[in-house]
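Novice: Here it is, the structure in full.
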Amino acid sequence: MINLFSYSTINKHKNTIKQINNSYKNIKDYPDLLLANQTKKIRNMIKTSGIKNKTILIEAFATLKEAIFRATNLELFDVQLLGGITLNDGNIAEMKTGEGKTLVALLPAYLNSLLNEGVHIITVNDYLAERDATLAKRIFSYLNIEIGLITQKTTRKERKEAYKYNITYITNSELGFDYLKDNMAIHQDDIIQQGFFYAIIDEVDSILIDEARTPLIISGNTKVQTNFYQNSEEVSKILQKNIDYSIDEKSKSIILTAQGISRCEAILKIDNLYDIQNPWIKYIINSLKAKELFLKNRDYIIKDEQITIVDEFTGRVMTGRRWSDGLHQAIEAKENIKIEAENKTLASITYQNLFLLYKKLSGMTGTAKTEEEEFNNIYKMKVVSIPTNQKCLRKDMPDLVYKNEYIKWKSIAHECLDMYKTGRPTLIGTTSISKSELLSKMLQELSIPHNLLNAKPENIAQESKIILEAGRKNTITIATNMAGRGTDIILGGSTEKIVEEEIKQYIKNSDNIKTNSNDEEVYSMIKKIKLQTKNDRNNIIKDENFLALQRTYTNLKEKYKKLCKSEKDYISQIGGLYVIGTERHESRRIDNQLRGRSGRQGDKGTSRFFLSLQDNLFRIFGGNKIENIVQSLNIENDTPIESIILTKSLDAAQKKVESYFYDIRKQLFEYDEVINNQRKAIYKERKKILTHVFTRDCVIEYGEQTIKEMLDIYLKDKRKEQTLKKVIKLLNIKANTTHLAEMSSLELRHYLNEQLRISYDLKEIYLEQLRPGLIRQLEKYYLLQQIDQGWQEHIEKMGLLKEYIGWRSYGQQDPLIEYKNEAFNLFINMITYIRQTVIYLVMRSRLII
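This is how it looks when you write it as structure tokens:
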């Protein structure tokens, strides 16, 4: 074990870590019952001295360290304890791949769960949530802590229960959608979330940085405008790139030229393409985006006759997700697939504002230091780099740059051939499905056996098996984006996992063992075998078939233990896992995630990027400078270039891109902060109505506020009779306007408030006689209906405002300040409209029998 105290980052926590380990030694001898009692003991300590007492942290971490050891036979390293302390302080723990982040998260989760306010551990996909929750259940079974799990498959009833548990595993998108749905609920019992106390975010950079560009949206369907999409698709085929329109690949936008505009008007037989009454421009721009910027097998795949989005960061398919504002429909028209209805936004929130709802927030990842400024500015979280348990021995080789893309791929294929011949495991990271398939075909031509992992369903099904084998001898693995895969590549292979796979097949193929061959039943049987083998209690189960299976398991384990060790030793001798990057990503962080797959836990390894001048990063962001450097070297096309100047230019290009996207996220956050304050106010009002038993007070309050607002208008309009008539009509009361006009403003307000209450009392008596409790139901229905309808229309208006507000900068006005002012006016108008409509509807309620 390394001497932790040589690291300056640990110095302030070294005594705490020492005390945790001392406490752990004392707890080790506790029987299971006494260990479980630790939870009750620490809860009582918290009630006495509060959770911030360091003694409580020491006791809780030591307790969990022992529970982890009993459940997994793994003893936490000191660096993992440091990671847990960092998370508990509300910061980001940057821990390299293979350092055991999954176990680290459990330390602060256990401590904070003892407050009984609920802890959320948030992951990037269902696979990781299920895997981590299963492990957590095993560990926390020793401590009487309940673990919840929420994935796409979880029913609403199950979700409500899962949120009540001490610790809940959930994906970021499910958390966001549940929050939005709760704030659209029409009954108090439909609310499933318990609140936002403490969240630990796994792959925090992926969720809070990569996904933060796009808000979460709950949509409702609108009418399908099939002709617009199909006709715009035909127009896009006629228009020519660089003549009729130009492409800005940085911002993923299309700009029509003057010639392009004239051509569109001629084809569509219209006078003005940008006429506000004319809908065509939106459809044409979307069709051009679909044609030029959104490519099949990169941005989406066709699955079950539907366009399915591929996540650009993780390479996973995003089933059920659709692009908004008609873009998805434009792609459906392009691929000649049935066009589904366009979505209307019913509710939305950005990830920034969703996670800022938590009282306490922390996260962990292998790569966060490059985005430290953003984490600090927006989320108030510091990034703490946790030292590795063993020194990283990976060698990151200089980039090889080729003039020609074809030569680059050819070189990668031949590099794979060399590695295959020597038996060295190689992982090749690609940026799209089409490129992974191109390389796969090239390897097939060279007769190189390999595994392909990308977003296509047939490959996803084999994911765990492919990753499991990626560290074995003679294995070549092609993977599209490795972020969030959540599985370590172990040199020589994992004995435990290989034996599990073998025994699964043995059970399924055996005639003597009775199972339905489903994975859950098979896994349950494997678990039983492990337990019996571990405790060596053959006398408990006397079934001959089971005992035979147990012997097979033991023999396989012994066999693969030797084989895996032998393979690992050989692979280490020839350099360890070799990681090849086929293109530099827009962010250095994503490149580091790929590199980090090699060199885990002190293993040897190498990484190298093979690049070409035709790669997107060079082409879009590199500029002429890099190309001029290459041309000046005057070398052959198939000769790679290794140059410090070139590498520095490439790093500068990546920093430029990171800065560009940070500005986009920052702008999105600043603009959404405006609507977020409005969202909070609306959701607070909604919650008050849902939980309020006597909603009459809300309606009367709305009525009195409406009277005040309309009387202000009446007095400003110099007591115009028309305004007074509007007030009387809205309140549905009978009054003499001449008599009212003679009253002072205070008398008039008191009179109308009194008439409102009298009229409302009569309405209530009338409806209660017909059906008891009806008035309360009507009040709640009208209040929620009008708030929801008003809010949805407001979101739409805010979207349009955001689109055109940028033009104000041409008039020397700050678009953000203008947006805030306009947004405030829109919000006030919405609130006024909601109040008036509720009063109008309630005062005219009748029961038709």
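Residue numbers are given in full-length UniProt numbering: position 327 of the sequence shown equals residue 327, and the series is strictly consecutive.
Even glycine gets a Cβ: it sits at the ideal position worked out from N, Cα and C.
#1: Since S612 sits in a beta bridge, which residues does DSSP pair it with?
#2: Could you spell out where the beta strand (DSSP E) holding Q306 opens and where it closes?
#3: CB-CB under 6 Å to M220, same chain, minus the five flanking residues each way: which ones, in chain order?
#4: Quick check: S236 and L288, are their CB atoms within less than 8 Å of each other?
#5: Helix, strand or coil: which one does DSSP assign to I42?
#6: Going by C-alpha distance, which of G605, T214, T495 is nearest T350?
#7: May I ask which residues mark the beginning and end of the beta strand (DSSP E) holding E94?
#8: Which residues mark the beginning and the end of the beta strand (DSSP E) in which M364 is found?
#9: Here's the rule I'm using: 16 or more other beta-carbon atoms within 10 Å means buried, otherwise exposed. How should T695 be labelled?
#10: Do you know how far the Cα of L668 is from the Cα of N825?
#11: Closest to K252 by C-alpha separation, out of I281, K291, N278, Y274, would be which residue?
#12: Let's test the definition: count the other Cβ atoms within 10 Å of the Cβ of N389 and tell me whether it reaches 16, buried, or not, exposed.
#13: Would you kindly report the start and end of the unbroken beta strand (DSSP E) that includes I170?
#14: Buried or exposed for H120, please, with buried defined as at least 16 other CB atoms from any protein chain shown within 10 angstroms of its CB.
#15: Can you give me the C-alpha to C-alpha distance between Y840 and I689, rounded to a whole angstrom?
#16: Could you say if the region 80-99 and the region 428-440 meet the contact criterion of at least three C-beta pairs nearer than 8 Å?
#17: Out of curiosity, what's the CA-to-CA distance linking Y702 and Y379?
#18: Would you kindly check if the distance between the Cβ of M381 and the Cβ of A413 is under 8 Å?
#19: For R263, does the three-state DSSP call read helix, strand or coil?
#20: Would you mind reading off the limits of the alpha helix (DSSP H) that contains I795?
#21: Ignore the nearest five residues each way along the sequence and tell me which others in E66's own chain have a CB closer than 7 Å to its CB.
#22: Ignore the nearest five residues each way along the sequence and tell me which others in N637's own chain have a CB closer than 7 Å to its CB.
#23: Look at the alpha carbon of L491 and the alpha carbon of K565, and state the distance between them as a whole number of angstroms.
#24: Can you tell me where the beta strand (DSSP E) holding I428 begins and where it ends?
#25: So what does L711 bridge to, in DSSP terms?
#26: Using CA atoms only, rank isn't needed, just tell me which of L135, I507, D189, Q188 is closest to Y169.
#27: Taking 8 Å as the cut-off, does the region 165-185 touch the region 40-56 (at least 3 CB pairs, one atom from each stretch)?
#28: Please go through the same chain and pick out, in chain order, the residues whose beta-carbon is closer than 6 Å to the beta-carbon of A368, but skip the five residues on each side of it.
#29: If the criterion is Cβ atoms closer than 8 Å, does the pair I46 and L103 meet it?
#30: Going by CA-CA distance only, name the one from N116, Y578, I51, L74 that's closest to D396.
#31: Where does Q654 land, buried or exposed, given buried means 16+ other C-beta within 10 angstroms?
#32: Give me, in chain order, the residues of the same chain whose beta-carbon lies closer than 7 Å to that of N376; leave out the 5 immediate sequence neighbours on both sides.
#33: Can you look up A479 in the DSSP assignment and give me helix, strand or coil?
#34: Using alpha carbons as the reference points, say which of L143, T723, R43 lies closest to Y30.
#35: Should H750 go down as buried or exposed, given a rule of 16 or more other Cβ atoms within 10 Å for buried?
#36: Between E130 and K504, what straight-line distance do the alpha-carbon atoms span, to the nearest angstrom?
Specialist: On the basis of the data shown:
#1: Y402
#2: 306-310
#3: Correcting the residue identity first, residue 220 is Gly in this sequence and not Met. Same-chain partners within the cutoff: K344, L346.
#4: yes
#5: helix
#6: T214
#7: 92-94
#8: 360-365
#9: buried
#10: 20 Å
#11: K291
#12: buried
#13: 167-171
#14: buried
#15: 18 Å
#16: no
#17: 37 Å
#18: no
#19: helix
#20: 774-805
#21: Y24, I27, K28, L35
#22: K403, N404, I407
#23: 9 Å
#24: 426-430
#25: None; L711 has no bridge partner.
#26: L135
#27: no
#28: I92, E94, D205, V383
#29: no
#30: Y578
#31: buried
#32: K382
#33: strand
#34: L143
#35: exposed
#36: 19 Å
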